[in-house]
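Under UniProt numbering, the residue at position 157 of the sequence shown is numbered 157, and the numbers go up by one with no gaps.
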Amino acid sequence: MMRKYQDKKNVQLKNYYEDGFYHAPQSIKTDPKESIFKDDFLILQEKIDLQDAFIEFDTLVLDILKEDNVKTLALLKELGYDCFIEASAIDFVAQRNGFSVFYQLLNIKKSLRVRIKTFVVSKERLQSVTSVFKGANWSEREIYDMFGIFIINHPNLKRILMPDDWYGHPLLKTYPLEGDEFAKWYEIDRIFGKDYREVVGPENRDPAFIDDKDTLNFSRLYHQVEKGKTPVESSLALEYQEEEGVAFVKKIKRDKIKFLDKRR
1 MMRKYQDKKN
11 VQLKNYYEDG
21 FYHAPQSIKT
31 DPKESIFKDD
41 FLILQEKIDL
51 QDAFIEFDTL
61 VLDILKEDNV
71 KTLALLKELG
81 YDCFIEASAI
91 DFVAQRNGFS
101 VFYQLLNIKK
111 SLRVRIKTFV
121 VSKERLQSVT
131 SVFKGANWSE
141 REIYDMFGIF
151 IINHPNLKRI
161 LMPDDWYGHP
171 LLKTYPLEGD
181 EFAKWYEIDR
191 IFGKDYREVV
201 GPENRDPAFI
211 DDKDTLNFSR
221 LYHQVEKGKT
231 PVESSLALEY
241 QEEEGVAFVK
251 KIKRDKIKFL
261 DKRR
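Here it is in structure tokens:
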């Protein structure tokens, strides 16, 4: 059976109202030559084809070609940035038909951070940097799993969070927030088979749903019971501290209290 066609638009949650006069605050970007990164930057500028470079939030940001990712990280490692922090990507498929992939490195001795970013066009492949930093292994697997970017020469390129037979990549902006039809029936189909769908019924994927009979995760106001106990229909009296009352209660004087029928 063919999958239902979905228009490849950004289906992630958006604010329905945008202030046309609002301008998001912009971060301050400065020249690396006038910073503590000057010596390292001059070496990088000489050996790497830098597309852009600046200092932002006390971090050296380098924009490179995707073909230079291994070369750049190897050079930075020689310069003392030998601690691999993370690698990930950002979906810009709708705007630029590709992904912004970035790496974060740390120079522990000098307490300096550098971010290397590059752009990968959709369907293009990216060279693995595990030959330089073994810690990039799981990060690159996550990039493949969540975004679908294929990493060349990775020692074990397979999904890391989702099942091996999962359809789609959850961090794409075209991926529904509550999962698609495949995600909706995945566990039922895998465990019992598709014929069992009518027996179990569709899974509730509404994140705002609250079962008022569920005493394991929720408590009904005025009907609180111990965790896991059977819900009660009779209302319970609740005690509230009066506004502008004492900040700390050392000992409750039961003969001088009064019960409020409702919240103020």
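Glycine is no exception: its CB is placed at the ideal position from the N, C-alpha and C atoms.
Predicted model, so just to flag it, every value in this text is computed and none were measured.
The beta carbon of A87 lies closer than 6 angstroms to those of Y103, A136, S139 in the same chain, with the five residues before and after it left out. Here L106 really is in contact with C83; their C-beta atoms are around 4 angstroms apart, less than 8 angstroms. Between V129 and L73, the gap from beta carbon to beta carbon is short of 9 angstroms.
Residue pairing from DSSP leaves T230 without any beta-bridge partner. The three-state reading of DSSP puts T118 in strand, counting E and B together. Between the alpha carbons of E233 and V200 lies a gap of roughly 29 angstroms. A distance below 9 angstroms separates the beta carbons of L126 and K66. Contact annotation: L60 and V114 have beta-carbon atoms nearer than 9 angstroms. Under a 10 Å Cβ-count criterion, G98 is classified as buried, with 16 or more other Cβ atoms of the shown protein chains found around its own Cβ. K29 is bridged by DSSP to E56. Residue range 136 to 147 is occupied by the alpha helix (DSSP H) that includes E142. Only residues of its own chain outside the window of five on either side were considered, and among them R159, I160, L161, M162 have a CB closer than 6 angstroms to the CB of D145, listed in chain order. With 16 or more other Cβ atoms inside 10 Å of its own Cβ, T118 counts as buried.
In the structure shown, L79 falls within a coil segment according to DSSP collapsed to helix, strand and coil.
Rounded to whole angstroms, the gap between the alpha carbons of G20 and P231 is 49 angstroms. Relative to K213, the option among P207, H223, D206 whose CA is nearest is H223.
Here I116 is buried, its C-beta having at least 16 other C-beta atoms within 10 Å. The residue from D255, S131, Y167, D164 with its alpha-carbon nearest to that of I152 is S131. Assigned with DSSP and collapsed to three states, I152 falls in strand.
Where V101 is concerned, the enclosing beta strand (DSSP E) starts and stops at 98 to 107. In this structure, I64 sits away from L42, with a CB-CB distance that is not shorter than 9 angstroms. Here the alpha carbons of R197 and W185 stand approximately 8 angstroms from one another.
A distance of 9 angstroms or more separates the beta carbons of I48 and D31. Annotated as proximal: F133 and K77, with beta-carbon spacing under 9 angstroms.
Membership of L65 in any alpha helix (DSSP H) is not indicated, and neither H nor E is assigned to it by DSSP. Per the DSSP secondary-structure output, E86 pairs in a beta bridge with Q104.
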